[in-house]
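Student:
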Amino acid sequence: MQYTSLSARLRLGPEDHMAVQFANGLRAHALDGRLRAVFCHVPNELAGSARATPAAAIARAAGLITGASDYLFLWDGGSGVLEAKSKTGSLTPSQKDWRDWCQLHGVRHAVFRTVEEGETRLREWGVLG
Numbered sequence: 001m002q003y004t005s006l007s008a009r010l011r012l013g014p015e016d017h018m019a020v021q022f023a024n025g026l027r028a029h030a031l032d033g034r035l036r037a038v039f040c041h042v043p044n045e046l047a048g049s050a051r052a053t054p055a056a057a058i059a060r061a062a063g064l065i066t067g068a069s070d071y072l073f074l075w076d077g078g079s080g081v082l083e084a085k086s087k088t089g090s091l092t093p094s095q096k097d098w099r100d101w102c103q104l105h106g107v108r109h110a111v112f113r114t115v116e117e118g119e120t121r122l123r124e125w126g127v128l129g
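Residue numbers (my numbering): 1 to 129.
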């Protein structure tokens, strides 16, 4: 599982810092066999950047959906999505639409505000040992 560390000079906001810690934990859990699912991060933040206008347009045309959750999990017989939020963050209208769409189709959806809370959801879903 490939990972490139971030520069020490890069400043992360609280939500990004927590999300990076969560992803690092997911990698470790996957490599040691405790995560019984495949996962990926949905890079919606890249499509929202003014500097990425051509890339954002291509991504949207190719199926990037505004409001899609930060993390997608797929496992034998199920799926779930997790949205990372800071302590005071709330879902945007497009994130609420995504949540409702997931729920309509039986896809588990949860918001987490700490690494521990995200891992708890995965345990509840039966994919993290």
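Yeah, the Cβ is synthetic: ideal placement off N, Cα and C, and Gly gets one too.
Check whether the segment 94 to 102 and the segment 9 to 16 touch, using three or more Cβ-Cβ pairs below 8 Å as the test.
Tutor: In short, these stretches do not touch, since the Cβ pair count stays below three.
Student: Mind checking which residues open and close the beta strand (DSSP E) that includes R36?
Tutor: R36 -> no beta strand (DSSP E), and no H or E assigned at all.
Student: Skipping 5 residues on each side, what residues in its chain have a beta carbon closer than 6 Å to that of V127?
Tutor: The residues are R36, A37, W75.
Student: Taking the beta strand (DSSP E) that G13 belongs to, which residues open and close that run?
Tutor: Premise fails: G13 is in no beta strand (DSSP E) and is neither H nor E.
Student: Quick one: using the 10 Å Cβ neighbour count with 16 as the cut-off for buried, is A23 buried or exposed?
Tutor: Flag for A23 reads buried.
Student: Within 10 angstroms of its Cβ, does G63 collect 16 or more other Cβ (buried), or is it exposed?
Tutor: Label assigned to G63: exposed.
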